[in-house]
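**Student:** These protein sequence lines map, in sequence, to chains A and B.
First residue of the first sequence? That's 1 in this note's numbering, and the numbers climb one at a time after it.
First residue of the second sequence? That's 298 in this note's numbering, and the numbers climb one at a time after it.
Dropping a structure here in structure tokens format, bear with me for questions.
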Amino acid sequence: MSKLRLPSTIEAPHISSRSSSLHWVWLLLHDSGAVVGGLIVLLVVVLAVFGAPLTGHDPLRVEPFNRLLPPSSSHWLGTDALGRDLLTRMLYGARVSLLVGLGTMVVSTLLGGLGGLVAGFFQSLDGIIMRIMDGLMAFPSILLAVAIMAARGPGIENVIIAITVTTVPRLARLIRGQVMVTRELTYVEAATAVGSKPLRILFWHILPNSVSPLIVQASFTFAVAVVTEAALSFLGAGVPPQEPAWGNMLQESMAVMMAAPWVSIFPGSAIAITVLGLNLLGDGLRDCLDPRTEESS
Amino acid sequence: MVNQIARRLLTLIPVLVVVGITTFVLGHLTPGDPAAVMAGDSATPEQVERIRHALGLDLPLPVQLTTWAGRVVQGNLGDSIFMKEPVGQAILQRVEPTGLLTLLSLFFAILIGVPAGIIAAVRRNSWIDRLAMGISLAGVCIPSFWLGILLILLFAVFLHLLPAAGYVSLSEDPAACLRYLLMPAFSLGLAHAAFLARITRSSMLEVLHEDYVRTARSKGLGKTAVLIRHAFPNVLVPVLTVIGNSTAALLSGAVTTEVVFTLPGIGRMMIQSIARRDYPVIQGVVLCVAVVYVLVNLAVDIAYVFVDPRIRQGER
């Protein structure tokens, strides 16, 4: 009955040799949750890129005679308080969400990954980098993002900056932990012994072992960015109010939700479905690439 | 144990320093000249210069930082430009709705999340498990402010059961206060309940495979007794961690929830201050909430010491 326990020195470090071969892609395609998630994300991307101009309506055109129309054949999801077609605005809103998500994901992965690599590898810099990250993590994320938006003014680039400031510390801490484990492995010691330069060791031997958690987190970072952008825009501290964004649409719907509940229901569903797709994809990626990390951060 | 708590207190210092510097820098990133804002549109350049001098804004930045830090340490957060009152006082007046909302949401999160996670783990792969995890996945994906809007539609607009928005203070009428907070707290708490359920379930599954649980079962203890006395205490540490993290997210989410339900709390005051360009208020709120969050995490760390004897004896 007793389980055979391997000595901890053998089982401890998780070296994902699988990530270098493409075995994980095969695993991912056999994970039904990940496939569903991936298809949802793909659908949102396709609709945002190709669907937006196809509805035959202008997302900004105000038609006072058509205000608050319920869903019909000419306006599939109805119209809002200014008579604008809801579906068209949602599709253009998807572009905003995807742009913010993508921008935040790329910038935070680069900065968080670099910060974590440097902090984990160069002990002299670890203290200062991680103290700054700890300090930034002490701010509740939306509050810090709102304060940054207040200082910098509305706009998509500023939304990306504000959300990135809140996501980088967690990524950096995660990668730092990974690097500190990898740094002690025998093959790194061997590389040092044969005279490899520190930077070569860092980028050639240690970085590949940190790629899996970064890929897994990228999907979750994307999801967090979509929700945070919606919240910021909803609060009037995100994308400029006249632009079609899901958060802006929910903000505008507050005034008319008794007369036209669909104006509140559809944009919110878009956020929830997109985030669901990203989370399913992220869960699948984690199971395939990084089975050891728990859902903690 | 006292030693551990003292050591933990020391680690607060760098965090608070970074929090302070970040808040100060945020205040100085703001476009426009605070002196010009204060002086109003009709002020002459000399008047603006005089206000700038009076505020110390003509001094070098490091000097401004130290004087600002000196004031903040004494509890002086400056004056609101718009409300003409000290920021500290304005925050204190609005602590009640935010505080009650956060506590009630946390209550909902624990009340729903922990039992759901335990049941899902015990009945692994049953329909209850699937249902609980399905709801929890949905709970994680639905933004709390949208859930708030949906709840208003259902319970206020269609069923007329609960007030759609507004607030009555606890001292005035506790029952009415609770009625006003019920929907906001539920919408804010559900996502955390969902997350808590997932963590509780996965930690519980791990613990249920431990040798001491098997021993307890094989010596004849009932399932419930094993669950409560042997398994559950070992789940408390990860659960406490999540609760600590949730508190920060709740304080964050409270901002949007307060706006949805027009609760007169700290978050709504901050949002209103953005439109008015009332930067001392924004700065003050961010600083106060960050300090509260740091203190909550300290409390959680101290709670570990009580919950887990291994930590008490310094094994970890």
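Heads up, the beta-carbon is just placed ideally off N, CA and C, and yes, glycines get one too.
Quick caveat, the model's predicted, so the values are computed rather than measured.
Which chain A residues sit within Cβ distance under 7 Å of residue 438/B?
**Tutor:** Ordered by position in chain A, the residues that pass the 7 Å Cβ test against residue 438/B are 272, 275, 276 and 279.
**Student:** Using the rule of at least 16 other Cβ atoms within 10 Å of the residue's Cβ for burial, across every protein chain shown, is residue 607/B buried or exposed?
**Tutor:** exposed
**Student:** Relative to chain B, which residues along the stretch 238-260 of chain A have a C-beta separation below 8 Å, given in chain order?
**Tutor:** 250, 253, 254, 257 and 258
**Student:** Whole angstroms is fine: what's the gap from residue 307/B's alpha carbon to residue 420/B's?
**Tutor:** 44 Å
**Student:** Check whether the Cβ atoms of residue 395/B and residue 562/B sit closer than 8 Å, and answer yes or no.
**Tutor:** yes
**Student:** Give me, in chain order, the residues of the same chain whose beta-carbon lies closer than 7 Å to that of residue 281/A; leave out the 5 immediate sequence neighbours on both sides.
**Tutor:** 34, 37, 38, 41 and 219
**Student:** Chain A partners of residue 545/B, CB-CB under 7 Å?
**Tutor:** Per Cβ cutoff of 7 Å: 140.
**Student:** Give me the Cβ distance between residue 147/A and residue 439/B, rounded to the nearest whole Å; I'm assuming they're in contact under 8 Å.
**Tutor:** Contact flag wrong, Cβ pair sits at about 26 Å.
**Student:** Could you tell me whether any non-hydrogen atom of the ligand MG is closer than 7 Å to the CB of residue 228/A?
**Tutor:** Ligands are entirely absent from the displayed structure, and the ligand MG is therefore not among its contents.
**Student:** Just how far apart, CA to CA, sit residue 271/A and residue 277/A?
**Tutor:** 10 Å
**Student:** Quick one: Cα of residue 311/B to Cα of residue 600/B, how far?
**Tutor:** In a straight line, the C-alpha of residue 311/B is about 22 Å away from that of residue 600/B.
**Student:** Tell me whether residue 298/B is buried or exposed, calling it buried when 16 or more other Cβ atoms sit within 10 Å of its Cβ.
**Tutor:** exposed
**Student:** When you compare each of 267/A, 237/A, 165/A and 26/A to residue 77/A by their alpha carbons, which one comes out closest?
**Tutor:** 267/A
**Student:** Assign residue 204/A to buried or exposed, taking buried as 16 or more other Cβ atoms, counted over all protein chains shown, within 10 Å of its Cβ.
**Tutor:** exposed
**Student:** Which residues, in chain order, does the stretch 35-55 of chain A contribute to contact with chain B at a C-beta distance below 7 Å?
**Tutor:** none
**Student:** Give the DSSP-derived three-state secondary structure of residue 228/A in the structure shown.
**Tutor:** helix
**Student:** Would you mind listing the beta strand (DSSP E) stretches within the stretch 325-371 of chain B that are 3+ residues and don't spill past its ends, in chain order?
**Tutor:** none
**Student:** Between the alpha carbons of residue 180/A and residue 172/A, how many angstroms are there, rounded?
**Tutor:** 12 Å
**Student:** Whose C-beta lies closer than 6 Å to the C-beta of residue 461/B among residues of the same chain, with five residues either side of it excluded?
**Tutor:** 449 and 453
**Student:** Consult DSSP for residue 481/B and reduce its assignment to one of helix, strand or coil.
**Tutor:** DSSP, read as helix, strand or coil, puts residue 481/B in helix.
**Student:** Is residue 383/B helix, strand or coil when you go by DSSP?
**Tutor:** Taken through DSSP and simplified to helix, strand or coil, residue 383/B comes out as strand.
**Student:** With DSSP as the reference, label residue 79/A as helix, strand or coil.
**Tutor:** In the three-state reduction of the DSSP assignment, residue 79/A falls in the strand class.
**Student:** Please name the residues in the stretch 203-223 of chain A whose beta-carbon is closer than 7 Å to at least one beta-carbon of chain C, in chain order.
**Tutor:** Reference to chain C is not applicable here, since the protein chains of this structure are A and B.
**Student:** Could you check how far apart the C-beta atoms of residue 167/A and residue 108/A are, in whole angstroms? I think they sit under 8 Å.
**Tutor:** 4 Å
**Student:** Who are the near neighbours of residue 65/A in its chain, counting only those whose CB is closer than 8 Å to its CB and skipping five residues on each side?
**Tutor:** 83
**Student:** Can you find at least 3 beta carbon pairs, one from the stretch 222-237 of chain A and one from the stretch 143-157 of chain A, that sit closer than 8 Å?
**Tutor:** yes
**Student:** Is the shortest distance between the beta-carbon of residue 446/B and the beta-carbons of chain A less than 8 Å?
**Tutor:** For residue 446/B, the answer is yes, since a Cβ of chain A falls inside 8 Å of its Cβ.
**Student:** Alpha carbons only, please: which of 74/A, 53/A, 86/A and 118/A is nearest the one belonging to residue 300/A?
**Tutor:** Residue 300/A lies beyond the residue range present for chain A, which begins at 1 and ends at 297; the question has no answer from this structure.
**Student:** Give every residue of the same chain whose Cβ lies closer than 6 Å to the Cβ of residue 594/B, excluding the five residues on either side of it in the sequence, and list them in chain order.
**Tutor:** 541
**Student:** Any residues in the stretch 550-577 of chain B with a beta carbon nearer than 9 Å to a beta carbon of chain A? Which ones, in chain order?
**Tutor:** Within the stretch 550-577 of chain B, contact with chain A at the beta-carbon level (separation under 9 Å) is assigned to 550, 551, 552, 553, 556, 557, 564, 567, 568, 570, 571, 572, 574 and 576.
**Student:** If we cut at 8 Å on Cβ distances, does residue 413/B have a partner in chain A?
**Tutor:** The beta-carbon of residue 413/B is placed no less than 8 Å from the nearest beta-carbon of chain A.
**Student:** Only counting runs of 4 or more residues, tell me where the alpha helix (DSSP H) segments fall wholly within the stretch 193-258 of chain A, in order along the chain.
**Tutor:** 207-234 and 246-253
**Student:** Within 8 Å (strictly less), CB to CB, does residue 394/B reach chain A?
**Tutor:** no
**Student:** Show which residues of chain B have a CB atom less than 7 Å away from the CB atom of residue 74/A.
**Tutor:** Chain B residues near residue 74/A: none, gap ~25 Å exceeds 7 Å.
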